[in-house]
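Please read the structure below before turning to the comments.
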Amino acid sequence: RSYGKHALRALKQLHLSAPIDVVHTLLPLVSWKRKEFEWIEANIAPVVSALNGSWIGEREGMKLAAKHRESATWKNPNDLAILTTGGWYARYEQAGIDGSSVSVAISESTKEEFKRWYAPPEDWRCETILYGVDHLVFRPSNTDDEDEQLAHEA
Numbered sequence: 005r006s007y008g009k010h011a012l013r014a015l016k017q018l019h020l021s022a023p024i025d026v027v028h029t030l031l032p033l034v035s036w037k038r039k040e041f042e043w044i045e046a047n048i049a050p051v052v053s054a055l056n057g058s059w060i061g062e063r064e065g066m067k068l069a070a071k072h073r074e075s076a077t078w079k080n081p082n083d084l085a086i087l088t089t090g091g092w093y094a095r096y097e098q099a100g101i102d103g104s105s106v107s108v109a110i111s112e113s114t115k116e117e118f119k120r121w122y123a124p125p126e127d128w129r130c131e132t133i134l135y136g137v138d139h140l141v142f143r144p145s146n147t148d149d150e151d152e153q154l155a156h157e158a
């Protein structure tokens, strides 16, 4: 939470010296409350929140792994942290989907995960951009296509 407060303070100072046109957040990592998202939207710029997975989805995945007796679930400190704090941090994700102008999910599965585990507002704007990039532009080259291969080697 303190990292989020420091980031918000730095964002305010940056905006004073160089106006910002959009604020991009990564929801599993940002710990802002709804009022902080609302303040940013009202005083700085629209917020676009990337959805790369959710705390609740991760926690439920860990529970399922434990149910199937996957031993690593109980030995990994990160997994234990997800199991014990996922619900706590989920409230910040809820604040993010409530307080963002638009959310961008990295997959349809991630978008559905947020619909399942959270309560998006009726007017929730959520787009899916596969893994955060345009997959029609950023893709492996087709080595069977001679023109494409020559362009790649140039």
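Position in the sequence shown (from 1) plus 4 gives the number in my numbering. No residue lacks a Cβ here, since even glycine has one placed at the ideal position from N, Cα and C.
Out of the options, which one is the CA nearest neighbour of residue i?
i    : options                : result
S107 : K71, A155 and V27      : V27
Y93  : V34, R13, S6 and S104  : V34
L31  : A49, D102 and K67      : D102
V51  : M66, S75, L12 and G57  : L12
Y122 : K79, A49, S58 and Y135 : S58
T89  : K67, I44 and E131      : K67
P124 : I110, R95 and W43      : R95
From the DSSP output, in three-state form, read off residue i for me.
i    : result
T147 : coil
H4   : Absent from the structure is residue 4, since the part of the chain shown begins at 5 and ends at 158.
A70  : helix
E126 : coil
A99  : helix
Could you round the C-beta distance between residue i and residue j to whole angstroms and report it? I think they count as a contact, below 8 Å.
i   : j    : result
Y41 : S113 : In the sequence on display, residue 41 carries Phe and not Tyr. Not really, about 24 Å apart at Cβ, beyond 8 Å.
Less than 6 Å between C-beta atoms, sequence neighbours within five positions excluded: which residues of the same chain meet that for residue i?
i    : result
K37  : A99
T147 : Q153
E150 : none
Using a Cβ-Cβ cut-off of 8 Å (strictly less than) and excluding sequence neighbours within five positions of residue i, which residues of its own chain qualify?
i   : result
G29 : Correcting the residue identity first, residue 29 is Thr in this sequence and not Gly. Taken in chain order, the residues that qualify are W36, V51, V52, S53, A54, G100 and S104.
Closer than 7 Å by C-beta to residue i: which residues in its own chain qualify, once you throw out the five before and the five after it? Chain order, please.
i   : result
H72 : none
Three or more C-beta pairs closer than 8 Å, one from the segment 74 to 84 and one from the segment 11 to 29: is that the case here? With the cut-off at 8 Å, the segment 74 to 84 and the segment 11 to 29 do not touch.
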